[in-house]
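**Student:** This is the structure I have questions about; it appears just below.
Residue numbers (the working numbering): 796 to 898.
Take a look at the structure:
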């Protein structure tokens, strides 16, 4: 295994997906990117932080509960979108250049 890389498992992957779903749900709800502390980290550091904070400190049941909650929040946010929200990045404030084809 490479130095600095942790062994990954399906269980360890669930918090990563949940975090991403939460980030996208927030974006869709407020129509503006939220700059969380983890987003600014290099990918390996972000992954290590998610793994340590959410996987080691939670039971599998807690991790699965959080996963279900984040998925449901994302689905709810998607259901509120209008067609224009899906195709027009200008619907969102402060989107970075190049995001979704925005220049």
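Positions of the beta carbon are idealized from the N, C-alpha and C atoms, including for glycine.
(1) Where does residue 859 fall in DSSP's three states?
(2) Just the Cα atoms here: how many angstroms apart are residue 869 and residue 821?
(3) Let me know if residue 898 comes out buried or exposed under the rule of 16 or more other beta-carbons within 10 Å of its beta-carbon.
(4) If you drop the 5 nearest sequence neighbours on each side, which residues of the same chain put their C-beta closer than 7 angstroms to that of residue 886?
(5) Expressed to the nearest angstrom, what Euclidean distance is found between the alpha-carbon atoms of residue 811 and residue 818?
(6) In whole angstroms, give me the CA-to-CA distance for residue 889 and residue 834.
(7) Hey, which unbroken runs of the alpha helix (DSSP H) at 4 residues or more fall wholly within the segment 813-885?
**Tutor:** To lay it out plainly:
(1) helix
(2) 8 angstroms
(3) Unreliable placement is indicated for residue 898, whose pLDDT of 48 sits below 50; no coordinate value is reported for it.
(4) 826, 879 and 880
(5) 11 angstroms
(6) 15 angstroms
(7) 838-845, 855-874 and 878-882
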